[in-house]
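Participant: For the sequence shown, numbering that gives the first Met the number 0 gives the first residue as 0, with consecutive numbering after it.
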Amino acid sequence: MERYYQPEIECASREEIKKLQDERLVKQVRHVWDNVPYYRKKMEAKGLTPDDIQSAEDLYKLPFLSKKDLRESYPYGLVGVPLKDCVRIHSTSGTTGKRVMAFYTQHDIDLWEDCCARAITAAGGGDEDVVQVSYGYGLFTGGLGLHGGSHKAGCLTIPTSSGNTERQIMFIQDLNATILCCTPSYAAYLGESMREMGLSPEEIPLKAGIFGAEAWSEEMRHDIEKTLGIKAYDIYGLTELSGPGVAFECSAQNGMHINEDHFIAEIIDPKTGEVLPEGTQGELVFTSLDKEAFPLLRYRTRDICTLTREKCSCGRTHVKMCKPKGRTDDMLIIRGVNVFPSQIETVLLNNGYQANYQIVVDRVNNSDTLDVRVEMTPEMFTDNLGEITRRQRALVDGLKSMLGIKANVTLVAPKSITRSEGKAVRVIDKRKI
Ligand code: DLL
Numbered sequence: 000m001e002r003y004y005q006p007e008i009e010c011a012s013r014e015e016i017k018k019l020q021d022e023r024l025v026k027q028v029r030h031v032w033d034n035v036p037y038y039r040k041k042m043e044a045k046g047l048t049p050d051d052i053q054s055a056e057d058l059y060k061l062p063f064l065s066k067k068d069l070r071e072s073y074p075y076g077l078v079g080v081p082l083k084d085c086v087r088i089h090s091t092s093g094t095t096g097k098r099v100m101a102f103y104t105q106h107d108i109d110l111w112e113d114c115c116a117r118a119i120t121a122a123g124g125g126d127e128d129v130v131q132v133s134y135g136y137g138l139f140t141g142g143l144g145l146h147g148g149s150h151k152a153g154c155l156t157i158p159t160s161s162g163n164t165e166r167q168i169m170f171i172q173d174l175n176a177t178i179l180c181c182t183p184s185y186a187a188y189l190g191e192s193m194r195e196m197g198l199s200p201e202e203i204p205l206k207a208g209i210f211g212a213e214a215w216s217e218e219m220r221h222d223i224e225k226t227l228g229i230k231a232y233d234i235y236g237l238t239e240l241s242g243p244g245v246a247f248e249c250s251a252q253n254g255m256h257i258n259e260d261h262f263i264a265e266i267i268d269p270k271t272g273e274v275l276p277e278g279t280q281g282e283l284v285f286t287s288l289d290k291e292a293f294p295l296l297r298y299r300t301r302d303i304c305t306l307t308r309e310k311c312s313c314g315r316t317h318v319k320m321c322k323p324k325g326r327t328d329d330m331l332i333i334r335g336v337n338v339f340p341s342q343i344e345t346v347l348l349n350n351g352y353q354a355n356y357q358i359v360v361d362r363v364n365n366s367d368t369l370d371v372r373v374e375m376t377p378e379m380f381t382d383n384l385g386e387i388t389r390r391q392r393a394l395v396d397g398l399k400s401m402l403g404i405k406a407n408v409t410l411v412a413p414k415s416i417t418r419s420e421g422k423a424v425r426v427i428d429k430r431k432i
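#1: Taking 8 angstroms as the cut-off, decide whether the C-beta atoms of L37 and V274 are in contact.
#2: What would DSSP say about I267, mapped onto helix, strand or coil?
#3: List the DSSP bridge partners of F210.
#4: Let me know the secondary structure DSSP gives A246 once reduced to three states.
#5: Would you kindly work out how many angstroms separate the C-alpha atoms of V129 and L179, rounded to a whole number?
#6: Can you tell me whether G46 is buried or exposed? The criterion is at least 16 other CB atoms within 10 Å of its CB, across all chains shown.
#7: Using only CA atoms, which one of G242, G403, S287, R390 lies nearest to R23?
#8: Quick one: complete alpha helix (DSSP H) runs, 4+ long, within the stretch 43-107?
#9: Would the beta-carbon of G325 fall within 8 angstroms of that of W111?
#10: Look at the alpha carbon of M401 and the alpha carbon of L189, and state the distance between them as a whole number of angstroms.
#11: What are the boundary residues of the beta strand (DSSP E) that includes D173?
#12: Tell me whether D50 counts as near the ligand DLL, meaning its Cβ is closer than 7 angstroms to at least one heavy atom of that ligand.
#13: Give a single yes or no on whether L143 has its beta carbon closer than 7 angstroms to a heavy atom of the ligand DLL.
#14: Nearer than 7 angstroms: is that true of the beta carbon of T327 relative to any heavy atom of the ligand DLL?
#15: Taking the alpha helix (DSSP H) that H221 falls in, what are its first and last residues?
#16: Extract the residue ranges of the beta strand (DSSP E) inside the stretch 358-427, only unbroken runs of 3 or more that lie entirely within it.
#17: Can you tell me the Cα-Cα spacing of E224 and L198, whole angstroms?
#18: Considering just the uninterrupted stretch of the alpha helix (DSSP H) at Q342, what are its terminal residues?
#19: Roughly how many angstroms separate the alpha carbons of L347 and K83, rounded to a whole number?
#20: In the structure shown, what three-state DSSP assignment does K310 receive?
#21: What's the C-alpha gap between E239 and F293?
#22: If you run the structure through DSSP and keep just helix, strand and coil, what is Q131?
#23: Please name the residue, chosen from L138, T177, T140, that lies closest to I157 on a Cα-to-Cα basis.
#24: DSSP three-state label for A160, please.
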């Protein structure tokens with residue numbers, strides 16, 4: 000039986016959702032105009048005033064916000080309330096340039112935790128469940144977001160944070176954890192470690208996992224489900240909009256419902272900014288509808304995605320986003336061809352490998368090279384050179400037909416690629432362009 004945390008809104012009619020969005024958008028635009036001079040200037044530059052936005056149909060008129068705007072207004076330039084009304088800050092790890100800082104009032108924390116509670120409830124969580132939160136706690140939003148959601152859903156919450164794999168497994172076993180929250184790469188690692196300890200899926204008390212914060216393929220989902228003996232649900236979000244829970248998967252496990260009472264999603268052409276029709280692939284753009292401290296209008300996520308309003312078997316009515324196909328900024332252009340790491344992962348997993356791989360791109364004599372290092376599984380590990388060559392060739396062929404270009408493949412021993420406890424770093428681009 001499908002469970003809902005807030006059924007009246009999760010299953011509201013399209014008319015009700017539209018009405019709520021229209022009302023909230025008008026208010027949010029007014030709030031930003033009055034309190035965020037940076038965005039007001041952007042609106043003025045387009046000749047807009049809040050009166051131009053009467054409903055969600057007018058959304059397209061508003062200017063976009065991008066990471067560049069967040070950097071320019073770092074740290075407080077987009078905050079919409081006096082700092083005395085803010086109660087929390089989160090931040091991204093900021094591998095390039097300044098970190099993104101996000102601010103929250105207590106109201107903002109509450110609505111964020113509601114979103115996470117919806118995700119946990121959709122994965123079958125309730126007051127009988129023990130939820131182990133193995134996302135990192137601290138500035139990263141994963142730990143504290145799902146922690147708050149787990150409390151709201153009434154679950155017994157174990158705030159293990161990430162790392163210390165032995166202790167994670169001990170808690171799962173000793174405390175009979177039923178739901179695990181962490182990145183999919185860490186879930187795969189925990190599964191691998193438990194298998195090595197001789198634990199069969201039936202001996203692992205977990206029934207579900209809520210995995211997100213990085214791209215993962217359907218093939219990886221099947222692997223994790225098999226080793227841990229669970230149902231694995233996807234969850235999506237980003238710091239700028241609150242954190243995890245912007246969208247979450249239901250029992251249908253084929254796309255994530257976007258919490259449309261709090262966010263409006265659009266898909267745009269990343270080159271022209273034009274809004275694309277439903278079902279077309281493009282860049283995902285979000286508008287927050289009721290955030291106080293860090294209200295973002297038309298924020299460009301750089302995630303590439305499609306939206307669908309097809310009726311969902313779970314009974315929820317909110318629009319669904321597909322698994323992000325990659326990011327406009329992690330798309331690799333290799334010898335002029337667009338390559339997404341997720342395409343490479345699909346080929347590897349379809350050939351019986353696990354998601355333990357590394358992609359190295361370089362430029363030698365003015366020509367791009369693509370090297371894929373992938374671990375053999377313990378079952379396929381061999382020192383028979385003929386067998387290794389045969390396997391490597393099969394992957395080269397598989398990658399060629401998926402990507403249209405040749406990759407060099409090196410098979411390496413099991414466990415030789417460093418495991419990640421948070422988001423996995425899979426691409427090393429050595430090109431200096
Ligand atoms: O990763 C928030 C989060 C925490 C989501 C825990 C889910 C679970 P950031 O660190 O700001 O926030 O990174 C946001 O991560 O724009 C996507 O590119 C990527 N991402 C997040 N969830 C998914 C997912 C958190 N389910 C960026 N699938 C986003 C694919 C995801 N990519």
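Here a beta-carbon is modelled for each residue, glycine too, at the ideal position from N, C-alpha and C. These numbers were taken from a predicted model, which means no experiment stands behind them.
Facilitator: The structure says:
#1: For the purposes of this step, residue 37 is taken as the residue at position 38 of the sequence shown. For the purposes of this step, residue 274 is taken as the residue at position 275 of the sequence shown. Here the sequence assigns Tyr to residue 37, which means Leu is not the residue at that position. It is not a contact, given that the beta carbons lie outside the stated cut-off.
#2: The residue you call residue 267 lines up with position 268 of the sequence shown. Residue state, collapsed to three classes: strand.
#3: Locating residue 210 in the sequence shown gives position 211, where the first residue counts as 1. F210 pairs with C181, D233.
#4: By 1-based counting over the sequence shown, the position of residue 246 is 247. Strand at A246.
#5: Taking the sequence shown and counting its residues from 1, the one referred to as residue 129 is at position 130. Taking the sequence shown and counting its residues from 1, the one referred to as residue 179 is at position 180. Using only the alpha carbons, I get a separation of about 9 angstroms.
#6: Counted from its first residue, the sequence shown places residue 46 at position 47. It is exposed - the Cβ of G46 has fewer than 16 other Cβ atoms within 10 Å.
#7: Counted from its first residue, the sequence shown places residue 23 at position 24. Checked all of G242, G403, S287, R390; the closest Cα to R23 is S287.
#8: 66-71
#9: Residue numbering aside, residue 325 sits at position 326 when the sequence shown is read from its first letter. Residue numbering aside, residue 111 sits at position 112 when the sequence shown is read from its first letter. No. Outside cutoff.
#10: Here the question's residue 401 lines up with position 402 in the sequence shown. Here the question's residue 189 lines up with position 190 in the sequence shown. Near 30 angstroms, if we compare the C-alpha coordinates of L189 and M401.
#11: Numbered from 1 along the sequence shown, position 174 holds the residue referred to as residue 173. First-last for D173: 164-173, but that is the alpha helix (DSSP H), not the beta strand (DSSP E).
#12: Translated into the one-based positions of the sequence shown, residue 50 becomes position 51. Not so, every heavy atom of the ligand DLL lies at least 7 angstroms from the Cβ.
#13: Taking the sequence shown and counting its residues from 1, the one referred to as residue 143 is at position 144. L143: no, Cβ never under 7 angstroms from the ligand DLL.
#14: Looking up residue 327 in the sequence shown gives position 328. No; taking the cut-off as 7 angstroms, the Cβ of T327 has no heavy atom of the ligand DLL nearer than that.
#15: The residue given as residue 221 occupies position 222 in the sequence shown. Note, H221: alpha helix (DSSP H), 217-227.
#16: Positions of the beta strand (DSSP E) runs, each at least 3 residues long and wholly inside the stretch 358-427, are given as 366-374, 407-411 in order along the chain.
#17: Within the sequence shown, numbered from 1, the residue matching residue 224 stands at position 225. Within the sequence shown, numbered from 1, the residue matching residue 198 stands at position 199. Distance between the alpha carbons of E224 and L198: 14 angstroms.
#18: Looking up residue 342 in the sequence shown gives position 343. 340-349 is the extent of the alpha helix (DSSP H) around Q342.
#19: Counting from 1 along the sequence shown, the entry for residue 347 is found at position 348. Counting from 1 along the sequence shown, the entry for residue 83 is found at position 84. Going from the Cα of L347 to the Cα of K83 covers about 51 angstroms.
#20: Residue mapping note: residue 310 aligns to position 311 of the sequence shown, counting from 1. Looking at K310 - three-state DSSP - the assignment turns out to be coil, as it is neither helix nor strand.
#21: As a working mapping, residue 239 is identified with position 240 in the sequence shown. As a working mapping, residue 293 is identified with position 294 in the sequence shown. Distance between the alpha carbons of E239 and F293 is about 8 angstroms.
#22: Residue numbering aside, residue 131 sits at position 132 when the sequence shown is read from its first letter. Q131 falls in the strand class under three-state DSSP.
#23: If you number the sequence shown from 1, residue 157 lands on position 158. The shortest Cα separation from I157 among L138, T177, T140 belongs to T177.
#24: Looking up residue 160 in the sequence shown gives position 161. Per the sequence shown, residue 160 should be read as Ser rather than Ala. S160 sits in coil when the DSSP states are folded into three classes, being neither helix nor strand.
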